[in-house]
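A.B. asks:
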Amino acid sequence: MPYKNILTLISVNNDNFENYFRKIFLDVRSSGSKKTTINVFTEIQYQELVTLIREALLENIDIGYELFLWKKNEVDIFLKNLEKSEVDGLLVYCDDENKVFMSKIVDNLPTAIKRNLIKDFCRKLS
4 MPYKNILTLI SVNNDNFENY FRKIFLDVRS SGSKKTTINV FTEIQYQELV
54 TLIREALLEN IDIGYELFLW KKNEVDIFLK NLEKSEVDGL LVYCDDENKV
104 FMSKIVDNLP TAIKRNLIKD FCRKLS
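The sequence shown runs 4 to 129 under my numbering.
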């Protein structure tokens, strides 16, 4: 089933962003979607993130995206804003160091959004 808009959640260390963004775009494309809303939980600034992921963005110019950065202490604001969103699919990414943090976010997502889970790469980590 092709998805219209995929919600993507990601929290990784700065040196991992480029590879994870390549994976995000690959998964969005393989899900049949051309659009994703990417929510990044990090302490870095927007411009620094764009610099880190520039190549991945250019390689995947055919995928539409909205990019939102959230500080790790802004999860409540993110969840409140999420209530207004229409989401057809959900992708979740994290590295080992952010697994617990991301699991807490996913646990607090509305059931309607959790039902649309495509892949949760945080749950696969051991």
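Ideal Cβ positions, reconstructed from N, Cα and C, are used throughout, including at glycine. None of these values were measured; they are calculated from a predicted model.
Could you give the first and the last residue of the continuous beta strand (DSSP E) run that contains Glu69?
C.D. replies: Here the beta strand (DSSP E) through Glu69 covers 67-73.
A.B. asks: Of the residues Phe24, Leu12, Cys97, which one's Cα is nearest the Cα of Leu61?
C.D. replies: Measuring from the Cα of Leu61, the nearest candidate turns out to be Phe24.
A.B. asks: Could you check which residue in Ala115, Gly67, Ser106 has the C-alpha nearest to that of Glu89?
C.D. replies: It is Ala115 whose Cα lies nearest to the Cα of Glu89.
A.B. asks: In angstroms with no decimal places, state the Cα-to-Cα distance between Ile64 and Lys26.
C.D. replies: Answer to the nearest angstrom: the Cα atoms are 14 Å apart.
A.B. asks: Am I right that Ile41 and Tyr68 are in contact with their C-beta atoms under 8 Å? What's the rounded C-beta distance?
C.D. replies: Yes, they are in contact, since the Cβ atoms of Ile41 and Tyr68 sit about 6 Å apart, within 8 Å.
A.B. asks: Use the C-beta contact count for Leu10: other C-beta atoms within 10 angstroms, 16 or more gives buried, fewer gives exposed.
C.D. replies: Leu10 is buried by the Cβ-count criterion.
A.B. asks: Enumerate, from N- to C-terminal direction, the unbroken beta strand (DSSP E) stretches of 3 or more residues contained entirely within the region 12-49.
C.D. replies: List check, beta strand (DSSP E) in window: 38-44.
A.B. asks: Sort out for me which residues DSSP pairs Tyr96 with in a bridge.
C.D. replies: The partner list for Tyr96 (beta bridge, DSSP) reads Ile13.
A.B. asks: Since I believe Leu52 is in contact with Leu93 (beta carbons under 8 Å), could you give me their beta-carbon distance rounded to a whole number of angstroms?
C.D. replies: At roughly 21 Å, the Cβ-Cβ gap does not stay under 8 Å, so Leu93 and Leu52 are not in contact.
A.B. asks: Over what stretch of residues does the beta strand (DSSP E) that includes Ile121 continue unbroken?
C.D. replies: Residues 120-123.
A.B. asks: Would DSSP call Asp91 helix, strand or coil?
C.D. replies: Here Asp91 sits in coil by DSSP.
A.B. asks: Is DSSP giving Lys102 helix, strand or coil here?
C.D. replies: Looking at Lys102 - three-state DSSP - the assignment turns out to be helix.
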